[in-house]
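Quick note, the sequences are listed as chains A and B, same order.
Here our numbering is used: the first residue of the first sequence is 323, the next is one more, and so on.
Here our numbering is used: the first residue of the second sequence is 30, the next is one more, and so on.
Data block below; observations after.
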Amino acid sequence: MWGIVGQRVFRHGSSAMSLQGTRPAILASRSFSSAAKEMTVRDALNSAIDEEMSADPKVFLMGEEVGEYQGAYKITKGLLEKYGPDRVLDTPITEAGFTGIGVGAAYHGLKPIIEFMTFNFSMQAIDHIINSAAKSNYMSAGQISVPIVFRGPNGAAAGVGAQHSQCYASWFASCPGLKVLAPYSSEDARGLMKAAIRDPDPVVFLENELLYGESFPVSAEVLDSSFSLPIGKAKIEREGKDVTITAFSKMVGYALKAAEILSKEGISAEVINLRSIRPLDRATINNSVRKTNRLVTVEEGFPQHGIGAEICASVVEDSFEYLDAAIERIAGADVPMPYAANLERLAVPQVEDIVRAAKRTCYRSSSLAATA
Amino acid sequence: MATMRRMEIAADSLYKAKLIRGFCHLYDGQEAVCVGMEASINKKDCIITAYRDHCTFLGRGGTLLEIFSELMGRQGGCSKGKGGSMHFYKKESGFYGGHGIVGAQVPLGCGLAFAQKYNKDENVTFALYGDGAANQGQLFEALNISALWDLPIILVCENNHCKDVNLFLLLDFLRLFFTLLLLWNRVLNGWLFGRWHGHC
Numbered sequence: 323m324w325g326i327v328g329q330r331v332f333r334h335g336s337s338a339m340s341l342q343g344t345r346p347a348i349l350a351s352r353s354f355s356s357a358a359k360e361m362t363v364r365d366a367l368n369s370a371i372d373e374e375m376s377a378d379p380k381v382f383l384m385g386e387e388v389g390e391y392q393g394a395y396k397i398t399k400g401l402l403e404k405y406g407p408d409r410v411l412d413t414p415i416t417e418a419g420f421t422g423i424g425v426g427a428a429y430h431g432l433k434p435i436i437e438f439m440t441f442n443f444s445m446q447a448i449d450h451i452i453n454s455a456a457k458s459n460y461m462s463a464g465q466i467s468v469p470i471v472f473r474g475p476n477g478a479a480a481g482v483g484a485q486h487s488q489c490y491a492s493w494f495a496s497c498p499g500l501k502v503l504a505p506y507s508s509e510d511a512r513g514l515m516k517a518a519i520r521d522p523d524p525v526v527f528l529e530n531e532l533l534y535g536e537s538f539p540v541s542a543e544v545l546d547s548s549f550s551l552p553i554g555k556a557k558i559e560r561e562g563k564d565v566t567i568t569a570f571s572k573m574v575g576y577a578l579k580a581a582e583i584l585s586k587e588g589i590s591a592e593v594i595n596l597r598s599i600r601p602l603d604r605a606t607i608n609n610s611v612r613k614t615n616r617l618v619t620v621e622e623g624f625p626q627h628g629i630g631a632e633i634c635a636s637v638v639e640d641s642f643e644y645l646d647a648a649i650e651r652i653a654g655a656d657v658p659m660p661y662a663a664n665l666e667r668l669a670v671p672q673v674e675d676i677v678r679a680a681k682r683t684c685y686r687s688s689s690l691a692a693t694a
Numbered sequence: 030m031a032t033m034r035r036m037e038i039a040a041d042s043l044y045k046a047k048l049i050r051g052f053c054h055l056y057d058g059q060e061a062v063c064v065g066m067e068a069s070i071n072k073k074d075c076i077i078t079a080y081r082d083h084c085t086f087l088g089r090g091g092t093l094l095e096i097f098s099e100l101m102g103r104q105g106g107c108s109k110g111k112g113g114s115m116h117f118y119k120k121e122s123g124f125y126g127g128h129g130i131v132g133a134q135v136p137l138g139c140g141l142a143f144a145q146k147y148n149k150d151e152n153v154t155f156a157l158y159g160d161g162a163a164n165q166g167q168l169f170e171a172l173n174i175s176a177l178w179d180l181p182i183i184l185v186c187e188n189n190h191c192k193d194v195n196l197f198l199l200l201d202f203l204r205l206f207f208t209l210l211l212l213w214n215r216v217l218n219g220w221l222f223g224r225w226h227g228h229c
């Protein structure tokens, strides 16, 4: 019941009007303010990690600057003071070393949360993520389980250049043995982080630096310490009937803005927040495409062999007869991320790109050129 | 040790008969290392090694049937045929593999030691590695962190000179070349100056 209230709040925004319309009597008696509680993604992650560390003494945190500096992006603020240096460990700048140590600790039954300052640095440790963590359960025929979480900001930030801006969703999502999650809102951040920490398998948790400071309304259910979201289920952020738009992480916000613009032009877009990249919720995506008959996939990463490519393949395999138009793929430009602000803006998808692609699937674009 | 030696020689024959596929790294000649280690530790101490793991697994309580079944890709293998020669595990006896990437087992072993310290176990971890892995950067990273955090890890280097095979070959060629050069010099001296007998 609380969840339904929370979903209604998401769909129609946090205007006081719609809240008063949908709020049941019990909730009215609990909170005297007219707006739902808001929480930043940063606080959502911090509170989720805090609660899981409190509930299970085997959970510990390891990474660069997670302790004394309170976290490079302040996600782990206050945790060193609360849990002590035995459970919140500052490491030297040695990704391969400390990731291997984290995986070894997971072999022995602990539950490490390994932070990469950004996922660009995960490449230094990718052998341990893939070969030591992801594949061990299979290679040992189930003897070794690896309950580890690799988390950190993923994708483009602002002006950090080519070596600090790559999206690693499709790299990790192609590997059997890994689970890959990408939260968007604070509810996603809390629920998916808790699910990731509790999961007995290695989880890659792709956050977004630019979302850390954004606030989202959270219901009482979300704030409860037992809250968690299921891994492998996407969320329909906005229902529609003309075109399906899939997105994850920051692009969900862009897709929702595009849907607003499209609704003013008479196109009703259904926005799916993937939440889980691996396993991908193919059922939700395909059901939506069977309803709308058109699809636009949106991602920030490089286009070739990306998440959109996998979604296209899934829809073509399962729902080909339902498609009324070619699938449109919106992705980052096929170029290392430039530094200059104007070039950087051109290298990442913008709301206008999503709107144009959606119109193309509805045969509403002004010219037939692909760049229209 | 005798069982281990005969097991490895049998594995060698099976590999040459193509009944074992892919990789087959043999431990014959090194048996004393794992047998000596086992004599002074218990099953709550952990061992982790690289891909030369058949005898280490046997020492931790594995059976010959499990080993040969795994090597030949059978269901009865210790990893049900899904691992192969390089991926033997026996978690209940403290054996954590069995790893194919040179040097990766060292940080993993330091992680096992970290967990033992975290749980306040009175046990240690042995991470075995070879002369090849001794060059790996991650070994030094893990050693650095282990020293900083005072982890109960014992690193055991088994130098079987496998890495040096090319160097010895080169030294052999150099030795042959210089011997021939010296011989040629002696023959030339003898012919030019008639000094066939003794040195001048």
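Note that the Cβ used here is the ideal one computed from N, Cα and C, for glycine as well.
The structure displayed is predicted, hence computed values, not measured ones.
Contact belief for residue 410 of chain A with residue 388 of chain A at Cβ below 8 angstroms, rounded distance in angstroms: 6 angstroms
Distance CB(residue 545 of chain A)-CB(residue 514 of chain A) smaller than 7 angstroms: Going by beta carbons, residue 545 of chain A and residue 514 of chain A fall outside the 7 angstroms limit.
Assigned secondary structure, residue 475 of chain A (DSSP; H/G/I helix, E/B strand, else coil): strand
Completely contained beta strand (DSSP E) runs for the region 47 to 79 of chain B, where each covers 3 or more residues: 75 to 77
Close Cβ partners of residue 49 of chain B (< 8 angstroms) along its chain, the five nearest in sequence each way excluded: Here the set comprises 40, 43, 100, 101, 114.
Cα-Cα separation between residue 111 of chain B and residue 500 of chain A, rounded to whole angstroms: Approximately 18 angstroms between the Cα atoms of the pair.
Whole-angstrom distance between residue 681 of chain A and residue 587 of chain A, CA atom to CA atom: 10 angstroms
Simplified DSSP assignment, three categories, for residue 39 of chain B: Three-state result, residue 39 of chain B: helix.
7 angstroms Cβ cutoff, residue 477 of chain A in contact with chain B: no
Unbroken stretches of the alpha helix (DSSP H), 4 residues or longer, contained in the region 376 to 417 of chain A: 401 to 405
Distance CB(residue 474 of chain A)-CB(residue 420 of chain A) smaller than 7 angstroms: no
Distance between residue 476 of chain A and residue 398 of chain A (C-alpha atoms, nearest Å): 17 angstroms
Boundaries (first-last residue) of the beta strand (DSSP E) holding residue 117 of chain B: Where residue 117 of chain B is concerned, there is no enclosing beta strand (DSSP E), given that its DSSP letter is neither H nor E.
Collapsed DSSP secondary structure at residue 568 of chain A in the structure displayed: strand
Residue-chain proximity (residue 181 of chain B, chain A), Cβ-Cβ < 7 angstroms: At least 7 angstroms separates the CB of residue 181 of chain B from every CB of chain A.
Test: residue 432 of chain A CB closer than 7 angstroms to a CB of chain B: It does; some Cβ of chain B falls within 7 angstroms.
Neighbouring residues, chain A, relative to residue 173 of chain B (Cβ below 8 angstroms): 414, 416, 419
Residues near residue 605 of chain A by beta carbon distance below 8 angstroms, same chain, minus five either side: none
Reference residue 33 of chain B, options B:174, B:82, B:73, closest by Cα: B:82
Backbone secondary structure at residue 328 of chain A - three-state DSSP: Note that residue 328 of chain A scores a pLDDT of 42, beneath 50, so its modelled location is shaky; the value from the coordinates is reported in the next line. Helix, per DSSP.
Beta-carbon contacts of residue 466 of chain A that lie in its chain and below 8 angstroms, excluding the five residues immediately before and after: 429, 458, 459
As assigned by DSSP and simplified to three states, the class of residue 445 of chain A: Residue state, collapsed to three classes: helix.
CB of residue 504 of chain A within 7 angstroms of CB of residue 599 of chain A, strictly: The answer is yes: Cβ separation under 7 angstroms.
Test: residue 384 of chain A CB closer than 7 angstroms to a CB of chain B: no
Short Cβ contact (7 angstroms threshold) for residue 437 of chain A with residue 385 of chain A: Yes, these two residues count as a Cβ contact at 7 angstroms.
Spatial distance of residue 38 of chain B from residue 134 of chain B (CA atoms): Whole-angstrom Cα-Cα distance: 25 angstroms.
Closer than 7 angstroms to chain A by CB, residue 116 of chain B: yes
Identity of the residue in B:214, B:94, B:152 nearest residue 181 of chain B by Cα: Considering only alpha carbons, the answer is B:152.
Three or more C-beta pairs below 8 angstroms linking the region 569 to 585 of chain A and the region 610 to 627 of chain A: Contact holds between the region 569 to 585 of chain A and the region 610 to 627 of chain A, because three or more Cβ pairs, one in each stretch, are under 8 angstroms apart.
Any beta strand (DSSP E) of 3 or more consecutive residues that is wholly inside the region 104 to 169 of chain B: For the beta strand (DSSP E) assignment, the uninterrupted runs of no fewer than 3 residues enclosed by the region 104 to 169 of chain B are, from N- to C-terminal side, 154 to 159.
Extent of the continuous beta strand (DSSP E) run through residue 361 of chain A: 360 to 362
Reduced DSSP category for residue 353 of chain A - H, G, I as helix; E, B as strand; rest coil: For residue 353 of chain A, the predicted model reports a pLDDT of 48, less than 50, meaning its position is unreliable and no value from the coordinates is stated.
C-alpha gap between residue 190 of chain B and residue 160 of chain B, whole angstroms: 6 angstroms
From A:383, A:481, A:361, A:529, residue whose alpha carbon lies closest to that of residue 371 of chain A: Nearest of A:383, A:481, A:361, A:529 to residue 371 of chain A, Cα basis: A:383.
Per DSSP, cross-strand counterpart(s) of residue 537 of chain A: A:362
Chain-ordered residues of the region 86 to 111 of chain B with a beta carbon less than 7 angstroms from chain A: So the list reads 108, 109, 111, given in the order they occur along the chain.
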